[in-house]
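K.L.:
Let me give you the structure first, and then I'll get to my questions.
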Amino acid sequence: TQLLEQSPQFLSIQEGENLTVYCNSSSVFSSLQWYRQEPGEGPVLLVTVVTGGEVKKLKRLTFQFGDARKDSSLHITAAQPGDTGLYLCAGAGDSGYALNFGKGTSLLVTP
Amino acid sequence: NAGVTQTPKFQVLKTGQSMTLQCAQDMNHEYMSWYRQDPGMGLRLIHYSVGAGITDQGEVPNGYNVSRSTTEDFPLRLLSAAPSQTSVYFCASSYTAFDGRNTEAFFGQGTRLTVV
Chain A
242 TQLLEQSPQF LSIQEGENLT VYCNSSSVFS SLQWYRQEPG EGPVLLVTVV
292 TGGEVKKLKR LTFQFGDARK DSSLHITAAQ PGDTGLYLCA GAGDSGYALN
342 FGKGTSLLVT P
Chain B
16 NAGVTQTPKF QVLKTGQSMT LQCAQDMNHE YMSWYRQDPG MGLRLIHYSV
66 GAGITDQGEV PNGYNVSRST TEDFPLRLLS AAPSQTSVYF CASSYTAFDG
116 RNTEAFFGQG TRLTVV
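Listed in order, the protein sequences are those of chains A and B. Once you know that position 9 of the first sequence is 250 in the numbering used here, the rest is easy, because the numbers rise by one and skip nothing. Once you know that position 110 of the second sequence is 125 in the numbering used here, the rest is easy, because the numbers rise by one and skip nothing.
Below, the structure written as structure tokens:
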């Protein structure tokens, strides 16, 4: 099983601050995904990164895929309370037919 | 748009009881999977299917059975519930495999199971 390590596990910040969440592995992934999960709901896809070195932006969220395709990061600029949630990185599992998930980063943004 | 529908949303079982968690999708997706989510553990893969009649084990398959008789449905059966199976269970589906493709997994809202 290809392991994905996420850090930090918990993050509590005030509105307006910037933050970065990391997803690291010793294995090479053909692609990595970031999902966001709100309490009582299933995860929802934010982005897929496929090419090493790729950078994708989604409003205030910036996603980067490492050159070696072993790691990814999520940077949030000027966090808002609506960004509160669990952020999960995921990569194709050994078979490619399902996903392996990191343990998640729980983000709390207070006004 | 229904997407992925899981039933029930909540369930309490006694140790040793059996039950089936239902999962249905209306997007004509071939790939479906079951995950369990425990605090601090992320989502762990239980079983997955690549089409009707084809299933395989994931990371934590013990104590669970699955079958895929139709494209739409992928039920998860607990044979003899144990307290260690207390968790939140998520079903997901996708149109294609994930390896190197820009594929989205669609998740249900989850079933919160407590085994006492």
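Glycine included, each C-beta is placed from N, C-alpha and C at the ideal position.
Touching or not, the region 93–101 of chain B and the region 111–118 of chain B, by the rule of three or more beta carbon pairs under 8 Å?
P.N.:
Segments in contact, no.
K.L.:
Write down the C-beta distance between A:Thr-346 and A:Val-290 rounded to the nearest angstrom, noting that I regard them as a contact closer than 8 Å.
P.N.:
The Cβ separation is near 17 Å, so there is no contact.
K.L.:
Taking the straight line between their C-alpha atoms, what separation do you get for B:Tyr-46 and B:Arg-127?
P.N.:
Roughly 23 Å separates the two Cα atoms.
K.L.:
Let me confirm a value: B:Gln-52 is counted as buried when at least 16 other C-beta atoms fall within 10 Å, else exposed. Which label applies?
P.N.:
Burial call: buried.
K.L.:
Tell me the rounded alpha-carbon separation between A:Gly-294 and B:Thr-30.
P.N.:
Near 50 Å, if we compare the C-alpha coordinates of B:Thr-30 and A:Gly-294.
K.L.:
Listing by chain order, which chain B residues have their CB less than 9 Å from the CB of A:Tyr-338?
P.N.:
Within chain B, the residues near A:Tyr-338 are Tyr-46, Ser-48, Tyr-63, Ser-64, Val-65, Asp-71, Ser-109, Ala-112, Phe-113, Asp-114.
K.L.:
Looking only at its own chain, which residues have a Cβ that is under 7 Å from the Cβ of A:Asn-341, when we skip the five neighbours before and after it?
P.N.:
Excluding residues within five positions, the ones whose Cβ falls inside 7 Å are Thr-242, Gln-243, Leu-245, Ala-331, Gly-332, Gly-334.
K.L.:
In angstroms with no decimal places, state the Cα-to-Cα distance between B:Ala-96 and A:Ser-314.
P.N.:
If I take the Cα positions, the gap works out to 38 Å.
K.L.:
For A:Tyr-338 and B:Phe-122, I'd like the C-alpha separation in whole angstroms.
P.N.:
A:Tyr-338 and B:Phe-122: Cα-Cα distance of roughly 15 Å.
K.L.:
Could you tell me the distance, in whole angstroms, from the CA atom of B:Val-8 to the CA atom of A:Thr-318?
P.N.:
An answer regarding residue 8 of chain B cannot be provided, because it is not within the stretch 16 to 131 covered by chain B.
K.L.:
Counting only Cβ pairs nearer than 9 Å, list the residues of chain A close to B:Gly-123.
P.N.:
Correct list: Gly-283.
K.L.:
Determine whether the beta carbon atoms of B:Val-19 and B:Ala-107 lie at a separation below 8 Å.
P.N.:
Cβ atoms of B:Val-19 and B:Ala-107: closer than 8 Å.
K.L.:
Rounded to whole angstroms, what is the Cα-Cα separation between B:Tyr-63 and B:Thr-85?
P.N.:
Answer to the nearest angstrom: the Cα atoms are 14 Å apart.
K.L.:
Are there 16 or more other CB atoms within 10 angstroms of the CB of A:Pro-352, so buried, or fewer, so exposed?
P.N.:
Burial call: exposed.
K.L.:
Nearest to B:Glu-87 by CA position, among B:Gln-40, B:Phe-25, B:Thr-35, is which residue?
P.N.:
B:Glu-87 has its Cα closest to that of B:Gln-40, out of B:Gln-40, B:Phe-25, B:Thr-35.
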